[in-house]
Every structure is written in C-alpha cells, then in structure tokens.
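Numbering (the working numbering), first residue to last: 1089 to 1198.
We put the CB at the ideal spot given by N, CA and C, even for glycine.
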Amino acid sequence: MALVPTMGNLHEGHLSLMRRARVYADRVVCSIFVNPTQFDPGEDFSAYPRTLVEDEALLSEQGLVDLVFAPEEADISPFGNENAVEVVMPKLSTELCGASRPGHFEGWHR
C-alpha cells in the first residue's frame, strides 16, 4: 500500500506522484487534509483552496487511487493541537522549506 498525502487542490504534480505510487504498490491511498499546523503565523489557513469535490472527481476520472481519505480536523486532532506530540527534526527544519518557514516541518507530525 502506498499513501500519497496532499492538502488537496490537486494538480498534475500530485497525479504524477500517484502514478509513481502505483508502480510500487497494489493499493494507493490519497489523503486530502488541509493541515492547520503546517501554516506559519503569517500564512492564511482560511484562504487555502478547499476543492474536495473537484479533487474526488479528478481522482475518480483518472482511476489512480483505490481510496481517498479526507478527514476533518477533529478526526486528526480530537483533543486539540495543544496536546499533540511534537517531533523536532533539527537538520530538516533548517533546510528546504524549513529555512524560510520555521515550524513548517513540525506541523507535518501533528
């Protein structure tokens, strides 16, 4: 099984990842979750496009995945983020997006 995690608003880049996942796995799952913990204080979480209906239609049309997992925030963090376990990766957090977006990678793990 392969998981292709996304925040939705799918495009060809996402679809290419799903095609690649299919090469390695008999089953492919696409998660669609706009994760509030991945947004920095200056970024607008509420403005991020939510296109679940369109994304599900695209995935159905393309036939690239076996399952779409689209949880609500309450499903992921039923007790709130203040009680979440935090994983800190110092080297990764200072490279790539981490260099200009402090806290971005830590948000992946909540």
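| Among the residues of its own chain, which have a CB less than 7 Å from the CB of I1164, if the five just before and after it don't count? | Counting from 1 along the sequence shown, the entry for residue 1164 is found at position 76. Non-local C-beta neighbours of I1164 in its own chain, meaning closer than 7 Å and more than five positions away in sequence, comprise F1121, ordered along the chain.
| task | Would you list the residues sitting across from A1187 in a DSSP beta bridge? | result | Taking the sequence shown and counting its residues from 1, the one referred to as residue 1187 is at position 99. DSSP lists no partner for A1187.
| Contacting residues, own chain, Cβ-Cβ under 8 Å from M1095 (five flanking each side not counted) | Here residue 1095 is taken as the residue at index 7 of the sequence shown, counted from 1. Closer than 8 Å at the Cβ level, and outside the excluded window around M1095, lie I1120, F1121, V1122, N1123, Q1126 and Y1136.
| Sequence-distant residues of the same chain with beta carbon closer than 7 Å to L1103, five excluded per side | Residue numbering aside, residue 1103 sits at position 15 when the sequence shown is read from its first letter. Taken in chain order, the residues that qualify are Q1150 and L1152.
| task | Could you tell me which of V1111, N1097 and E1100 sits nearest to L1091, measuring between CA atoms? | result | Residue mapping note: residue 1091 aligns to position 3 of the sequence shown, counting from 1. Of the candidates V1111, N1097 and E1100, the one whose C-alpha sits nearest the C-alpha of L1091 is V1111.
| said: Ignoring anything shorter than 3 residues, give me the beta strand (DSSP E) runs that lie fully in the segment 1109-1156, in order along the chain. | reply: 1116-1120
| Per DSSP, which one or two residues make a beta bridge with P1093? | As a first step, residue 1093 is located in the sequence shown; it is residue number 5 there, counting from the start. Its beta-bridge partners are S1119.
| task | Determine the contact status of L1098 and D1143, defining contact as a CB-CB distance below 8 Å. | result | Here residue 1098 refers to the residue found at position 10 when the sequence shown is read from its first residue. Here residue 1143 refers to the residue found at position 55 when the sequence shown is read from its first residue. For L1098 and D1143, yes; Cβs fall inside 8 Å.
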